[in-house]
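Visitor: Residue numbers (my numbering), protein chains in the order written: chain X, -19 to 182; chain W, -19 to 182. Beta carbons: idealized from backbone N, C-alpha and C, even for Gly. Handing you a structure now.
Protein chains: 2
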Amino acid sequence: MKLYDMELSGNCYKVRLLCAMLGLDYERIPISLKDGEAETEEFLQLNPRAQIPVLEDDGLVIWDSIAILSYLCRKQDSNLLPTAAEPLARVMQWLAVSENEILYGLARARAINKFGRPFHRNSTRVVAIDALKLIDGHLQDREWLATDQLSIADIACYPYVALAHEGDIDISRYPAIQAWIGRIRQQPGYIDMPGMDNTPLI
Amino acid sequence: MKLYDMELSGNCYKVRLLCAMLGLDYERIPISLKDGEAETEEFLQLNPRAQIPVLEDDGLVIWDSIAILSYLCRKQDSNLLPTAAEPLARVMQWLAVSENEILYGLARARAINKFGRPFHRNSTRVVAIDALKLIDGHLQDREWLATDQLSIADIACYPYVALAHEGDIDISRYPAIQAWIGRIRQQPGYIDMPGMDNTPLI
């Protein structure tokens, strides 16, 4: 397998984290967004959205992080993506949150600071705080987001929550989130990405 | 089953459309967003995101349209959501597009006009056009978005594309999209929502 990847991308890290937990090997192909490497003719053939991550597996090309996470779980028959109706729906709920409040709030707040992206700071911040309140409230009496065990819902929501401080968003007011981050970091195969050594934990 | 629903919501219509295609009965509970009915204590117990649709099925409460679509397909063992790794990944790719470019582009452009929402018109429009180009390009040599048959990827992407005109976005420059809309409308069980009789088709 080949992963078109950027080290500082939380979306790419989701795939790297799942691969590490599943014990999957792959070749990393670094793509520099700021050098326009996702906008070449060649790359647009792989992903017309001009985004990373992209996974290439034996001729199959799959873009979008939640699609890649789902693909790898089904290919490996992993219970990190359940198959029954209710637990699958619970995972999908939080994948939707990862693509909405987390991406348009937490990830954008970080992208303003880290990559100079031209998003509106205040409205981004409002969405980011909404995301944290939602997740913290949900985790008050739960260990994991979707079911009673780790799933790709946790893997998809985790990176930009654990990098919130890079967007000047403080998670120290959300102890249930901090405890959840701690649990994820204790999972077998867990790997970090840059910036995560500064996540404020309890 | 109970569906907490708003007639003019494209996200709610996705669930109504799938139920119609699967022949499922349910009770509709109308929720008025503008009257704050999604922000009552009682409703927030159902969905802390204060959004519709919400499905209640025999005590289970499921929020978010892509979660509800997935739940109903698995519950009914419908091939509108495939189970194998590759076709599942293809569906997930377009569910992600439905939650990103389509929601933050096409749906927001409509929400500015129709509900007076305070989104930025120009940047919303740019995302909406990106969505249309992506979908139209993909459909150049395909009948359906994800696989060689209709799936919930089509059901999730369809509403705000077919309502683009309500956000002053013209789809008549995208004939592959127009043909795809025509195919969806010919599916057994298909139902419309308000505004769709004005979709410009070939």
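Can you list the residues of chain X that Lys55 of chain W reaches, using a CB-CB cut of under 7 Å?
Guide: The contacting residues are Ala65.
Visitor: Give me the DSSP bridge partner(s) of Val107 of chain W.
Guide: According to DSSP, which records beta bridges pairwise, Val107 of chain W is partnered with nothing at all.
Visitor: Could you work out which residue in X:Ile151, X:Glu79, X:Gly117 is closest to Leu24 of chain W when comparing CA atoms only?
Guide: The option with the nearest alpha carbon to Leu24 of chain W is X:Gly117.
Visitor: Which first and last residues belong to the beta strand (DSSP E) in which Asp(-15) of chain X is found?
Guide: Residues -18 to -15.
Visitor: How would you label Arg101 of chain W, buried or exposed, when you count the other beta carbons within 10 angstroms and need 16 or more for buried?
Guide: Label assigned to Arg101 of chain W: exposed.
Visitor: Is Leu35 of chain X helix, strand or coil by DSSP?
Guide: The answer is strand: DSSP assigns Leu35 of chain X an E or B state.
Visitor: Contact between the region 49 to 62 of chain X and the region 41 to 49 of chain W: three or more CB pairs below 8 Å?
Guide: With a cut-off of 8 Å, the region 41 to 49 of chain W and the region 49 to 62 of chain X do not count as touching, because too few Cβ pairs lie within range.
Visitor: Less than 7 Å between the C-beta atoms of Glu81 of chain X and Asp110 of chain X, yes or no?
Guide: Contact: yes.
Visitor: Can you say whether Thr179 of chain X is buried or exposed, counting buried as having 16 or more other CB atoms within 10 angstroms of its CB?
Guide: Under this definition Thr179 of chain X is a buried residue.
Visitor: Which of helix, strand or coil does DSSP assign to Pro62 of chain W?
Guide: Coil at Pro62 of chain W, not helix or strand.
Visitor: Among W:Gly147, W:Gln56, W:Asp5, W:Cys(-1), which has the Cα closest to the Cα of Ile92 of chain W?
Guide: Nearest of W:Gly147, W:Gln56, W:Asp5, W:Cys(-1) to Ile92 of chain W, Cα basis: W:Gly147.
Visitor: So that I know if they touch, is there some Cβ in chain X lying closer than 7 Å to that of Asp189 of chain W?
Guide: Summary: the structure shown does not reach residue 189 of chain W, with chain W confined to residues -19 through 182, and so no result is reported for it.
Visitor: Ordered along the chain, which non-local residues of its own chain (more than five positions away) have a Cβ less than 6 Å from that of Glu(-13) of chain X?
Guide: No residues qualify anywhere along the chain.
Visitor: For a contact defined as C-beta to C-beta under 8 Å, what are the partners of Pro180 of chain X on chain W?
Guide: Those within 8 Å of Pro180 of chain X in chain W number zero; the least Cβ separation is about 24 Å.
Visitor: Using a Cβ cut-off of 7 Å, pull out every chain W residue sitting near Tyr154 of chain X, in sequence order please.
Guide: Result: empty, since nearest Cβ-Cβ is about 14 Å, beyond 7 Å.
Visitor: How should Thr63 of chain X be labelled, buried or exposed, when 16 other C-beta atoms within 10 angstroms of its C-beta is the threshold for buried?
Guide: Answer is exposed; the Cβ neighbour count stays below 16.
Visitor: Residues in the same chain with beta-carbon distance under 7 Å from Val107 of chain X, minus the five sequence neighbours each way, listed in chain order, please.
Guide: Around Val107 of chain X: Glu81, Tyr84, Gly85.
Visitor: Residues in the region 110 to 127 of chain W with C-beta within 9 Å of chain X's C-beta atoms, listed in sequence order?
Guide: Listed by position along the chain: Asp110, Lys113, Leu114, Gly117, His118.
Visitor: Among residues of its own chain, excluding the 5 on either side of Ile157 of chain X, which ones have a beta-carbon nearer than 7 Å to its beta-carbon?
Guide: Only Leu112, Ile115, Asp116, Leu119, Val141, Ile151 meet the Cβ criterion.
Visitor: What three-state label does DSSP hand Arg153 of chain X in the structure shown?
Guide: Here Arg153 of chain X sits in coil by DSSP.
Visitor: Name the residue from W:Asp172, W:Gly39, W:Leu35 whose alpha carbon lies nearest to the alpha carbon of Asp5 of chain W.
Guide: Nearest C-alpha to Asp5 of chain W: W:Leu35.
Visitor: As a quick exercise: from W:Ala144, W:Pro155, W:Leu143, W:Pro98, pick the residue whose alpha carbon is nearest that of Glu123 of chain W.
Guide: Nearest option by C-alpha distance: W:Pro155.
Visitor: Can you give me the Cβ contacts of Lys(-18) of chain W inside the same chain, cut-off strictly under 6 Å, excluding the 5 residues immediately before and after it?
Guide: Once the five neighbours on either side are set aside, the close Cβ partners of Lys(-18) of chain W are Glu7, Ile9, Glu36.
Visitor: Helix, strand or coil, according to DSSP, for Arg163 of chain W in the structure here?
Guide: Looking at Arg163 of chain W - three-state DSSP - the assignment turns out to be helix.
Visitor: Using a beta-carbon distance cut-off of less than 9 Å, what residues from the region 81 to 92 of chain W approach chain X?
Guide: Those would be Glu81, Leu83, Tyr84, in chain order.
Visitor: Whose CA, out of X:Pro168, X:Thr104, X:Gly96, X:Gln129, lies closest to the CA of Gln(-3) of chain X?
Guide: Before going further, note that residue -3 of chain X is Leu rather than Gln in the sequence given. Cα-wise, what sits closest to Leu(-3) of chain X is X:Pro168.
Visitor: Output yes if chain X places a C-beta closer than 7 Å to the C-beta of Leu2 of chain W; else output no.
Guide: Judged by the 7 Å Cβ criterion, Leu2 of chain W is not in contact with chain X.
Visitor: I want to see whether chain X comes within less than 7 Å of Gln73 of chain W, judged by CB atoms only; does it?
Guide: Chain X contact via Cβ: present.
Visitor: Step through the CB atoms of chain W and report whether any lies within less than 7 Å of the CB of Glu19 of chain X.
Guide: With 7 Å as the cut-off, Glu19 of chain X does not count as an interface residue toward chain W.
Visitor: Looking only at C-alpha atoms, which of X:Glu66, X:Ser12, X:Tyr(-16) sits nearest to Asp38 of chain W?
Guide: Taking only the C-alpha atoms, the option nearest Asp38 of chain W is X:Glu66.
Visitor: Can you find a CB in chain W that lies within less than 7 Å of the CB of Pro28 of chain X?
Guide: It does: the Cβ of Pro28 of chain X has a partner Cβ on chain W nearer than 7 Å.
Visitor: Go to Glu22 of chain W, then tell me how far its beta strand (DSSP E) extends in each direction, as first and last residue.
Guide: Where Glu22 of chain W is concerned, there is no enclosing beta strand (DSSP E), although the alpha helix (DSSP H) it sits in stretches over 21 to 26.
Visitor: Roughly how many angstroms separate the alpha carbons of Lys55 of chain X and Arg70 of chain W, rounded to a whole number?
Guide: Going from the Cα of Lys55 of chain X to the Cα of Arg70 of chain W covers about 13 Å.
Visitor: In chain W, what lies closer than 9 Å to Ser50 of chain X by C-beta?
Guide: Per Cβ cutoff of 9 Å: Ala65, Leu68, Ala69, Val71, Met72.
Visitor: Sorted by chain position, which residues of the same chain lie with C-beta nearer than 8 Å to Ile32 of chain X's C-beta, five sequence neighbours on each side aside?
Guide: The residues are Tyr(-16), Asp(-15), Met(-14), Ser(-11), Asn(-9), Cys(-8), Ile11, Leu13, Ala18.
Visitor: Could you spell out the range, first to last residue, of the beta strand (DSSP E) harbouring Pro10 of chain W?
Guide: Looking at the DSSP string, the run of the beta strand (DSSP E) that includes Pro10 of chain W is 7 to 10.
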